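Residue numbers (our numbering), protein chains in the order written: chain A, 1 to 141; chain B, 1001 to 1141. A virtual CB, placed ideally from N, CA and C, is assigned to each residue, including glycine. Predicted model only: the values in this text are computed from it and were never measured. What follows is a short report on a single structure.
There are 2 protein chains.
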Amino acid sequence: MAVQRRNTHQRQLVLNAVLARNDHPSAEDIYLDVRNIEATISRGTVYRNLNLLEESGLISSVHVPGGNRFDWRLDNHAHAVCTSCGMLVDAPMSYSTQDDCAAEASTGFQIMSHTTVYTGLCPRCQTAQTELDGDSSTCSI
Amino acid sequence: MAVQRRNTHQRQLVLNAVLARNDHPSAEDIYLDVRNIEATISRGTVYRNLNLLEESGLISSVHVPGGNRFDWRLDNHAHAVCTSCGMLVDAPMSYSTQDDCAAEASTGFQIMSHTTVYTGLCPRCQTAQTELDGDSSTCSI
DNA sequence: GTGTTTGCAAACTTTTTGCAAACAC
DNA sequence: GTGTTTGCAAAAAGTTTGCAAACAC
Chain A
1 MAVQRRNTHQ RQLVLNAVLA RNDHPSAEDI YLDVRNIEAT ISRGTVYRNL
51 NLLEESGLIS SVHVPGGNRF DWRLDNHAHA VCTSCGMLVD APMSYSTQDD
101 CAAEASTGFQ IMSHTTVYTG LCPRCQTAQT ELDGDSSTCS I
Chain B
1001 MAVQRRNTHQ RQLVLNAVLA RNDHPSAEDI YLDVRNIEAT ISRGTVYRNL
1051 NLLEESGLIS SVHVPGGNRF DWRLDNHAHA VCTSCGMLVD APMSYSTQDD
1101 CAAEASTGFQ IMSHTTVYTG LCPRCQTAQT ELDGDSSTCS I
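Written out as structure tokens, the structure reads:
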């Protein structure tokens, strides 16, 4: 039997904070946001609620270097992360559940889903980098 | 100018330890392996060398929940990770650099590569799980 | 009233770093 | 000899957890 979940003020604030952001915030980001509304909330509560909300399927998360990042989107979609500043954006690439089945067949794992993370430089860090190194794009247009 | 790299005994041992394993070891795994040969090596040295070897393009790594895992394979390939025990295996799925260019076009990032991680239960944990819950595969055959 | 949740603090895991001594070149 | 690398220890970053008080139902 599933554990009974209660609607606490803090839980609602954490959920609202995730829903209010489009930039894939970290747990710390959410903690800081919620603390502006409820000054006495603790990091522990934020972490616990982020995990519970994800288990409940109300939010999702992406694991990238630097920590877990949260997302109000529930559909499977890819992300791009900047190696320089950590900026994380949605990458509108197609998601195929057939890939999951193919991976299931080839690995013997029972695959639930997959996540694709594109790694590179965000526009701002590209500019900063280009001024030092020159352009090094790998994709011709 | 690039930094001059020296061939130290410890660096060679760390590289050899990665090359010797097929199970995508963690930094701690490598530390323990190398310590069997060079008892006085420190974790700091292992971490530093794993990072340097990756920068040098001699090894690669996969970032998964639980930490960084290392791989002697240098070609881009997908992985499957077990949510229960953390087992990490290669997933022989096709890798398309065209996806990188598509993501570059849609995000504005300068994409270097992408990593795909399939998430699910490894065969062993499936068996353990099925005994409790019954089969819950999502892929029909 | 019962059982979940909170805030706090401590602990934990993984990784990085400052420093003086040791080493590679 | 010069500059990199090492071992050590401390610290950092991110996250989890034990506990008693507070709260939701």
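request  = May I have the straight-line CA-CA distance separating C125/A from D1090/B, to the nearest angstrom?
outcome  = Counting from 1 along the first sequence, the entry for residue 125/A is found at position 125. Counting from 1 along the second sequence, the entry for residue 1090/B is found at position 90. Distance between the alpha carbons of C125/A and D1090/B is about 32 angstroms.
inquiry  = Please identify the residue among E54/A, L58/A, D75/A whose C-alpha is closest to the C-alpha of N68/A.
reply    = Your numbering for residue 68/A matches position 68 in the first sequence. Of E54/A, L58/A, D75/A, the residue nearest in Cα terms is E54/A.
ask   = Alpha carbon to alpha carbon, how far is N1022/B from G44/A?
value = Position 22 of the second sequence holds residue 1022/B. Position 44 of the first sequence holds residue 44/A. Answer to the nearest angstrom: the Cα atoms are 37 angstroms apart.
query = Can you tell me the Cα-Cα spacing of P1025/B and F1070/B, whole angstroms?
reply = Position 25 of the second sequence, counted from the first residue, corresponds to residue 1025/B. Position 70 of the second sequence, counted from the first residue, corresponds to residue 1070/B. A direct Cα-to-Cα measurement between P1025/B and F1070/B gives close to 6 angstroms.
query = So the beta strand (DSSP E) L1088/B belongs to, where does it begin and stop?
reply = Your numbering for residue 1088/B matches position 88 in the second sequence. That run of the beta strand (DSSP E) goes 1088-1091.
key: Same chain, Cβ closer than 7 angstroms to V1034/B, five either side skipped, listed in chain order   = As a working note, residue 1034/B is residue 34 in the second sequence. For V1034/B, the CB contacts under 7 angstroms within the same chain, skipping 5 residues up- and downstream, are L1013, V1014, A1017, I1041, V1046 in chain order.
task = Report yes or no: do the stretch 1093-1104 of chain B and the stretch 1056-1065 of chain B share at least 3 C-beta pairs separated by less than 8 angstroms?
result = Contact fails: fewer than three Cβ-Cβ distances are below 8 angstroms.
query = Helix, strand or coil for C82/A per DSSP?
reply = As a first step, residue 82/A is located in the first sequence; it is residue number 82 there, counting from the start. It is a strand residue.
query = Helix or strand or just coil, what does DSSP make of H63/A?
reply = Against the first sequence, residue 63/A aligns to sequence position 63. H63/A falls in the strand class under three-state DSSP.
Coarse secondary structure for D23/A, derived from DSSP in three states = Numbered from 1 along the first sequence, position 23 holds the residue referred to as residue 23/A. It is coil, neither helix nor strand.
query = Can you round the beta-carbon distance between A1145/B and Y1031/B to whole angstroms, since I take them to be within the 8 angstroms contact cut?
reply = For chain B, the structure presents residues 1001 to 1141; residue 1145/B sits outside this window and is missing.
ask   = Hey, L1019/B and W1072/B are a contact pair by Cβ (cut 8 angstroms); roughly how many whole angstroms apart?
value = Stepping through the second sequence from its first residue, residue 1019/B is reached at position 19. Stepping through the second sequence from its first residue, residue 1072/B is reached at position 72. Contact holds; Cβ gap of about 5 angstroms.
ask   = According to the Cβ coordinates, are G1108/B and P123/A closer than 7 angstroms?
value = Within the second sequence, residue 1108/B is the residue found at index 108, counting from 1. Within the first sequence, residue 123/A is the residue found at index 123, counting from 1. Yes; because the gap between Cβ atoms is below 7 angstroms, this pair is in contact.
ask   = With 16 as the cutoff for other CB atoms within 10 Å, does M1/A come out buried or exposed?
value = To locate residue 1/A, count along the first sequence from 1; it is residue 1. Unreliable positioning characterises M1/A in this predicted model, as indicated by a pLDDT of 48, which lies under 50. The coordinate reading is nonetheless provided below. Exposed: under 16 other Cβ atoms inside 10 Å.
message = Please identify the residue among L88/A, C139/A, D29/A, A27/A whose C-alpha is closest to the C-alpha of Q1110/B.
response = Start at 1 with the first residue of the second sequence, and residue 1110/B comes out as number 110. Check the Cα spacing between Q1110/B and each of L88/A, C139/A, D29/A, A27/A: the tightest is with C139/A.
query = Taking the C-alpha atoms as reference points, what is the distance between N1077/B and S1094/B?
reply = Taking the first residue of the second sequence as 1, we reach residue 1077/B at position 77. Taking the first residue of the second sequence as 1, we reach residue 1094/B at position 94. Looking at the sequence itself, residue 1077/B is His, so the reference to Asn does not match. Taking the straight line from one Cα to the other gives about 7 angstroms.
request  = Find the residues of chain A that neighbour P1092/B, judging by a C-beta separation of less than 7 angstroms, and give them in chain order.
outcome  = In the second sequence, residue 1092/B corresponds to position 92, counting from 1. Result: S106.
request  = Give the DSSP-derived three-state secondary structure of H149/A in the structure shown.
outcome  = There is no way to answer for residue 149/A, as the model of chain A reaches only from 1 to 141.
key: Close-in-space but distant-in-sequence residues of the same chain around A1128/B (CB under 7 angstroms, 5 per side omitted)   = The sequence position of residue 1128/B within the second sequence is 128, counting from 1. There are no such residues.
ask   = A39/A: which of S61/A, G66/A, H9/A sits nearest, CA to CA?
value = As a working note, residue 39/A is residue 39 in the first sequence. The candidate whose alpha carbon is nearest that of A39/A is H9/A.
query = What residue from S113/A, R48/A, D29/A, R6/A has the CA that sits closest to C1082/B's CA?
reply = By 1-based counting over the second sequence, the position of residue 1082/B is 82. Closest in alpha carbon position to C1082/B, among S113/A, R48/A, D29/A, R6/A, is S113/A.
ask   = For the ligand NAP, is there a heavy atom less than 6 angstroms away from the beta-carbon of R1124/B?
value = The model on display carries no ligand, and the ligand NAP is accordingly not part of it.
query = Are the beta-carbon atoms of A27/A and L52/A separated by less than 7 angstroms?
reply = For the purposes of this step, residue 27/A is taken as residue 27 along the first sequence, with counting starting at 1. For the purposes of this step, residue 52/A is taken as residue 52 along the first sequence, with counting starting at 1. The beta carbons of A27/A and L52/A sit no closer together than 7 angstroms.
Chain A contact residues for S1056/B, given Cβ-Cβ distances below 8 angstroms = In the second sequence, the residue the question calls residue 1056/B occupies position 56. By Cβ distance, chain A contributes nothing, its closest Cβ being about 16 angstroms from S1056/B, past 8 angstroms.
query = Comparing alpha-carbon positions, which option in L88/A, T116/A, N36/A, N7/A lies nearest S96/A?
reply = Taking the first sequence and counting its residues from 1, one reaches residue 96/A at position 96. Minimum Cα-Cα distance from S96/A among the listed residues L88/A, T116/A, N36/A, N7/A corresponds to T116/A.
Buried or exposed (CB count within 10 angstroms, at least 16 for buried), L1088/B = Position 88 of the second sequence, counted from the start, is the residue given in the question as residue 1088/B. Counting Cβ neighbours within 10 Å, L1088/B comes out buried, since at least 16 surround it.
query = Mind checking R1011/B: buried by the 16 CB within 10 Å criterion, or exposed?
reply = One-based indexing of the second sequence puts residue 1011/B at position 11. Buried, since its Cβ has 16 or more Cβ neighbours within 10 Å.
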